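Visitor: Line by line, the protein sequences give chains B and E.
Under our numbering, think of the first position of the first sequence as 36, with each following residue one higher.
Under our numbering, think of the first position of the second sequence as 65, with each following residue one higher.
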Amino acid sequence: AQSVSQHNHHVILSEAASLELGCNYSYGGTVNLFWYVQYPGQHLQLLLKYFSGDPLVKGIKGFEAEFIKSKFSFNLRKPSVQWSDTAEYFCAVNASTDTGNQFYFGTGTSLTVIP
Amino acid sequence: EPEVTQTPSHQVTQMGQEVILRCVPISNHLYFYWYRQILGQKVEFLVSFYNNEISEKSEIFDDQFSVERPDGSNFTLKIRSTKLEDSAMYFCASSDTSGGLEQFFGPGTRLTVL
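(1) How about Pro171(E): is its C-beta nearer than 8 Å to some C-beta of chain B?
(2) Compute the beta-carbon to beta-carbon distance between Ala130(B) and Val66(B), rounded to the nearest angstrom, for a pair I have assumed lies under 8 Å.
(3) Examine chain E for any beta-carbon lying closer than 8 Å to the beta-carbon of Leu56(B), and answer yes or no.
(4) Secondary structure at Glu67(E), three-state DSSP: helix, strand or coil?
(5) Which parts of the stretch 38 to 121 of chain B are runs of the beta strand (DSSP E), unbroken and 3 residues or longer, counting only runs that do not cross its ends?
(6) Anything in chain B within Cβ reach of Val107(E), meaning under 7 Å, just list it in chain order.
(7) Can you look up Leu141(E) in the DSSP assignment and give me helix, strand or coil?
(8) By the DSSP assignment, the beta strand (DSSP E) with Ser112(E) in it spans what residues?
(9) For the beta strand (DSSP E) that Glu132(E) lies in, which residues bound it at each end?
(10) Measure the alpha-carbon distance for Ser145(E) versus Leu175(E) and round it to whole angstroms.
(11) Let me see if you follow: with CB-CB separation under 8 Å, is Lys84(B) close to chain E or not?
(12) Spatial neighbours of Met179(E) within its chain, please: C-beta separation below 6 Å, excluding the five flanking residues on both sides.
(13) Leaving out five residues on either side along the sequence, give the residues of the same chain with a beta carbon under 6 Å from the beta carbon of Ala51(B).
(14) Between Ser91(E), Val177(E), Glu65(E), Glu82(E), which has its C-alpha nearest Gly136(E)'s C-alpha?
(15) Going by DSSP, what residue range makes up the beta strand (DSSP E) through Ser91(E)?
(16) What in chain E is Cβ-close to His45(B), meaning under 8 Å?
(17) Let me check understanding here. Comparing Cα to Cα, which of Asn116(E), Val107(E), Glu67(E), Phe125(E) lies closest to Ile143(E)?
(18) Cβ closer than 9 Å: which chain B residues qualify as neighbours of Glu184(E)?
(19) Since Lys121(E) is in the beta strand (DSSP E), which residue starts that stretch and which ends it?
(20) Which same chain residues, not among the five before or five after Glu82(E), have their C-beta less than 6 Å away from its C-beta?
(21) In chain order, what residues of the same chain have a beta carbon less than 6 Å from the beta carbon of Tyr85(B), not counting five sequence neighbours either side?
Following this line, the structure appears as structure tokens:
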């Protein structure tokens with residue numbers, strides 16, 4: 036069965052610190068990878084996605100992620116976090132089938148940025 | 065920008081009651097999904113719906129659950145007899161006609177079963 040693992044459950048950083056959130060997945064076929072963010076009291080929003088091409092993808096708000104196929108990883112990074120980045124971050128993997136597609140979400144990483 | 069909407073934002077119900085959660089997907093999308101997120105846990109897939117039928121469902125989606133697209137705009141999730149453990153945030157999502165690689169999520173309905 037497919038699964039998505041996020042190893043950091045809760046991360047606390049000071050403003051301007053660098054961020055890296057780990058994400059590993061288990062699926063041998065072609066995958067599409069996503070990071071979603073959920074700000075307090077809000078719904079899931081797409082941060083960035085990888086379908087194909089350059090394995091280093093840039094998203095909104097200065098976030099980027101690198102797809103490393105050999106490691107089955109898609110880690111999220113940001114060089115300098117801000118207080119407004121405090122949120123829950125979810126990695127997700129999607130495998131397309133003829134009848135549609137299903138997302139598998141990781142357990143999420145709660146990021147708290149201290150001013 | 066088109067978005068997925070969900071109503072109500074918060075539903076409180078008594079155990080054993082039926083609830084219907086409503087979603088209006090993005091208008092040109094053909095694939096629809098329901099997910100749930102129990103407080104403090106990960107987002108879990110419930111069901112996907114395409115061409116007026118369920119295409120995939122998870123183990124969570126048992127006989128107590130059903131989905132329907134009653135008209136051209138709404139997509140509903142019904143829980144026939146709610147249990148305490150059904151308390152969660154329920155998210156609707158939709159994706160477009162081109163293979164549906166990216167799903168757009170609604171704001172969620174918080175269901176509280178007492």
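The beta-carbon is built from N, C-alpha and C at its ideal position, and this holds for glycine as well.
Given the structure is predicted, the values throughout are model-derived calculations rather than measurements.
Guide: Quick look at the numbers:
(1) Pro171(E) belongs to the set of residues whose beta carbon lies under 8 Å from a beta carbon in chain B.
(2) Between Val66(B) and Ala130(B) the Cβ distance is about 6 Å, and since that is below 8 Å, they are a contact.
(3) Not an interface residue.
(4) DSSP, read as helix, strand or coil, puts Glu67(E) in coil.
(5) DSSP runs (the beta strand (DSSP E)) wholly in the stretch 38 to 121 of chain B: 38 to 40, 45 to 49, 54 to 56, 59 to 61, 67 to 73, 80 to 85, 91 to 93, 99 to 103, 108 to 113.
(6) Those within 7 Å of Val107(E) in chain B are Phe125, Phe140.
(7) In the structure shown, Leu141(E) falls within a strand segment according to DSSP collapsed to helix, strand and coil.
(8) Here the beta strand (DSSP E) through Ser112(E) covers 107 to 114.
(9) Note, Glu132(E): beta strand (DSSP E), 129 to 132.
(10) Distance between the alpha carbons of Ser145(E) and Leu175(E) is about 13 Å.
(11) Interface annotation, Lys84(B): in contact with chain E, CB-CB separation under 8 Å.
(12) Because chain E spans 65 through 178 in this model, residue 179(E) falls outside it and cannot be assessed.
(13) Around Ala51(B): Ser115.
(14) Comparing Cα-Cα distances from Gly136(E) to each of Ser91(E), Val177(E), Glu65(E), Glu82(E), the minimum goes to Ser91(E).
(15) Per DSSP, Ser91(E) is not a residue of any beta strand (DSSP E), being assigned neither H nor E.
(16) Under a criterion of Cβ atoms nearer than 8 Å, no residue of chain E is adjacent to His45(B); the nearest Cβ is some 11 Å distant.
(17) The shortest C-alpha separation from Ile143(E) is found at Phe125(E).
(18) Any property of residue 184(E) remains undetermined from this structure, which presents chain E solely from 65 to 178.
(19) Looking at the DSSP string, the run of the beta strand (DSSP E) that includes Lys121(E) is 117 to 121.
(20) The beta carbon of Glu82(E) sits closer than 6 Å to those of Arg144, all from its chain and outside the five residues before and after it, given in chain order.
(21) Cβ neighbours of Tyr85(B) beyond the five flanking positions: Leu68, Val92, Phe102.
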